[in-house]
Every structure is written in structure tokens, then in C-alpha cells.
Amino acid sequence: MKKLMILSAAMCVAMAFTSCKSSESAYKKAYEKAKAQELSGYTAPETSTESSDAPVVAPVETQPVTETRVVDNYDNEAVRREDVSVVKGSGLKTYSVVVGSFSVKANADGLQQRLLSAGYDAQIAYNSGNNMYRVVASTYDSKASAVQSRNQLRSQYADAWLLSK
């Protein structure tokens, strides 16, 4: 009985290996067809009765750039709107550049002193909604000026953002 099982397992393995058909001839046939088309310069799409699952890919064509304009579109810049009150400083205008947020007022005072010594008109604003002290480096009436100032301050304060009151 054991010999019979081994013999039948060997027969199944042999049949499995012999029933596998190589598709090498299909690749060779496609290669020869492509070479023939390349040599003849044939570019029209072929009509064949065989179904093809290959996607049709169009060549990429680049267009020369004729005009380049730089547009400063500051309307698309993200601005956070918060209800804040000034704790230390002369008052906030419409747009402000915030360089630090602290839950401890002493930390906000320290950053404000560093900014004041660097020549900025730094102020501290308090957001009672989330109990945070915002350190404002500069404040402006126009959004464009605030965005430019924020971009300059990001070299030292990477997390600088815009606040609108």
C-alpha cells in the first residue's frame, strides 16, 4: 500500500512538471513582430483578433515655455483665526506673525525679551480658549507684509505662523 502511494505521488509530480507549457515562444513571437514593425517604420495601430490586456501608452510631448510670470498670491496663505487679548505690547493689527506658543507666561516673557533685543516689536497675546500665550514677533495691516515677515522669521523660528484677529 505504501509503495502504491509513493508511486502515485511520483506520477502526479511528473504529470505536473510535464504539463507546464513555456510561454517563451509567445515572447519570441512578440519580439520578432516588434522588430519587424520597427524596421519597416510601421506606426499605424494593428487590428488583431487576439485580445490584448496591455494598456496603450501615448508618448510624452513637452511644450516649450514661452512666458514665465511670478505671481505673489498671498490670498492662499493659511491664517489661523483666534480670539486673543494683548497681555504685553502696544496692540495687534489685523495680521500678526506668531513665533511661539506657551502655556507658561514666564516662557513667553523670555522669548519676547529675546525678540525685543533682536529689534522686533514683540508682544504677548493670551488665548483664553486654549490657555496659551502667543508670542507675536510683528504685526501688520496687510496680509502680504505679514507673509513676507513670516517667511523671513522662519529661518530662525521654523514654526512661525500667521494669526488674524
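Read in order, the letters of the sequence shown correspond to residues -22 to -1, 1 to 143 in mature numbering (1 follows the signal peptide of the UniProt record, and there is no 0).
Every residue, glycine too, gets a C-beta built ideally from N, C-alpha and C.
Output needed for residue i: all residues of its chain with C-beta closer than 8 Å, excluding positions within five of it in sequence on either side, in chain order.
i: residue 102; result: 64, 65, 66, 67, 83, 86, 87, 90, 111, 112, 113 and 114
i: residue 62; result: 70, 103, 104, 105, 112, 141 and 143
i: residue 128; result: 75, 138, 139 and 140
i: residue -15; result: none
What does the Cβ neighbour count give for residue i, buried or exposed, with the cut at 16 atoms within 10 Å?
i: residue 141; result: buried
i: residue 74; result: buried
i: residue 118; result: buried
i: residue 158; result: Residue 158 is absent from the model: the chain starts at -22 and stops at 143.
i: residue 93; result: buried
Does the separation of the CB atoms of residue i and residue j fall below 8 Å?
i: residue 99; j: residue 123; result: no
i: residue 16; j: residue 125; result: no
i: residue 38; j: residue 138; result: no
i: residue 81; j: residue 109; result: yes
Apart from the five residues just before and just after residue i, which ones in its own chain have a Cβ nearer than 7 Å to its Cβ?
i: residue -8; result: none
Handout entry: Contiguous alpha helix (DSSP H) assignments of at least 4 residues, all confined to the stretch 60 to 142
Key = 83 to 95 and 121 to 131
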